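Colleague: For the sequence shown, our numbering assigns the number 86 to the last residue and increments by one with no breaks.
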Amino acid sequence: MPQKIPFPASTEYTSPLPRMTPEEAGVPSDWLYNLYSTLEKDSEAVLHTVIFVRHGAVVAEASFRPYSTSICTLHTPCARV
6 MPQKIPFPAS
16 TEYTSPLPRM
26 TPEEAGVPSD
36 WLYNLYSTLE
46 KDSEAVLHTV
56 IFVRHGAVVA
66 EASFRPYSTS
76 ICTLHTPCAR
86 V
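Next comes the structure, spelled out in structure tokens:
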């Protein structure tokens, strides 16, 4: 018996924060690309997702393998003590 209700694939995702391009927020796209590339290559950085918010809007979002922004992941580091 499954422990949780399946998340319907047809559910449309809506973000509580507006989105804008990096340039609209005053952030160069090539700077973000270089930062994400550097983070991806760093073997000591154990990242799931990095999101940049500027002026109240999401300007960049990236997930690193094996994680994905299309899959909801719940993490409870200390469920039972």
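The beta-carbon is built from N, C-alpha and C at its ideal position, and this holds for glycine as well.
All of these numbers come straight from a predicted model, not from anything done at the bench.
With burial defined as no fewer than 16 other Cβ atoms inside 10 Å of the residue's Cβ, what is the status of Val-58: buried or exposed?
Modeller: Counting from one through the sequence shown, the residue named residue 58 turns up at place 53. Classification for Val-58: exposed.
Colleague: Is the CB-CB distance between Ala-30 and Val-63 below 7 Å?
Modeller: Numbered from its first residue, the sequence shown carries residue 30 at position 25. Numbered from its first residue, the sequence shown carries residue 63 at position 58. Going by C-beta atoms, Ala-30 is not nearer than 7 Å to Val-63.
Colleague: The beta strand (DSSP E) that contains Thr-43, what's its start and end?
Modeller: Taking the first residue of the sequence shown as 1, we reach residue 43 at position 38. From DSSP, Thr-43 is part of no beta strand (DSSP E) but of the alpha helix (DSSP H) over 34-46.
Colleague: What is the DSSP secondary structure of Glu-49, counted as helix, strand or coil?
Modeller: On the sequence shown, position 44 is the one that residue 49 refers to. Reduced to three states, the DSSP call for Glu-49 is coil.
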